[in-house]
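See structure below.
Protein chains in written order, with my numbering: chain P, 25 to 135; chain U, 6 to 118.
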């Protein structure tokens, strides 16, 4: 597709469950970013991939969060043992030459 | 650690006014700065990208300026319209082209007909 695609657009889960969020970047974009946005706040950085490798994962809040990008294109953000505080919109962005293009986000609600 | 602040947090203006949104950052060694628009429940749409060597960028009724030495950027919107109502976010990148962006908290703009 022409833009960054994220699925699911909405996910409701129960505390303690495992969740996967998927990001399909713009074709040819080598850099991929995950951000988390809480209501009324700016996005907070989680992790950045250059190709298949995580170039910077300093924003991941704890070891329950993990992300992969095995073939250098699609990425999956994985959250284990979800907590209510994980509820937020998870945004993915891709970039080729410095300008970031964002998807519509995945809204996660942990009950 | 880079910190980005946007003032005001919210702004309400009548249609037709020219307005200025402010963004300040603590580390002036930025690589570039990007302004985004976010509609409720939506993702971010890139408006303007200013490289560290540039002073301003223009797109239609939007003009963004950058003053690295003072750690400031402004987004100027001319002849505002109700369709401009959204949250505007600025974000800065340190170091190289691939590094992460640090975002401000955004300015929620309401343009009244």
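Every residue gets a Cβ at the ideal spot worked out from N, C-alpha and C, and that includes glycine.
9 Å Cβ cut-off: residues of chain U touching residue i
i	result
residue 128/P	46, 47, 48
residue 69/P	105, 106, 107, 108
Beta-bridge pairing of residue i - partner residues as DSSP gives them
i	result
residue 31/P	46/P
residue 54/P	BP columns for residue 54/P are empty, so no partner.
residue 80/P	72/P
residue 100/P	46/P, 92/P
residue 11/U	28/U
8 Å Cβ cutoff, residue i in contact with chain P
i	result
residue 108/U	yes
residue 80/U	no
Residue i: contacting residues in chain P (beta-carbon distance under 9 Å)
i	result
residue 111/U	64, 65, 66
Neighbour flag for residue i against chain U, beta carbons, 8 Å
i	result
residue 122/P	yes
residue 115/P	yes
residue 80/P	yes
residue 42/P	no
Where residue i meets chain U, residues with beta-carbon distance less than 7 Å
i	result
residue 57/P	105
residue 89/P	Residues of chain U passing the Cβ test: none, with the nearest at roughly 15 Å.
Chain P contact residues for residue i, given Cβ-Cβ distances below 8 Å
i	result
residue 99/U	Simply none; closest approach about 11 Å.
Inter-residue Cα distance where the pair is residue i and residue j
i	j	result
residue 68/U	residue 51/P	29 Å
residue 54/P	residue 77/P	10 Å
residue 94/P	residue 48/P	12 Å
residue 12/U	residue 25/U	10 Å
residue 78/U	residue 66/P	17 Å
residue 39/U	residue 33/P	25 Å
residue 55/U	residue 126/P	18 Å
residue 18/U	residue 83/U	12 Å
residue 73/U	residue 7/U	13 Å
residue 105/U	residue 9/U	13 Å
residue 73/P	residue 34/U	22 Å
residue 59/P	residue 22/U	33 Å
Chain-ordered chain P contacts of residue i [CB-CB under 7 Å]
i	result
residue 94/U	66
Chain-ordered chain C contacts of residue i [CB-CB under 8 Å]
i	result
residue 54/U	Absent from the structure is chain C; the protein chains it does hold are P and U.
Between the stretch 17-51 of chain U and chain P, which residues of the former have a C-beta closer than 7 Å to a C-beta of the latter? Listed in sequence order: 37, 39, 47, 48, 49, 51.
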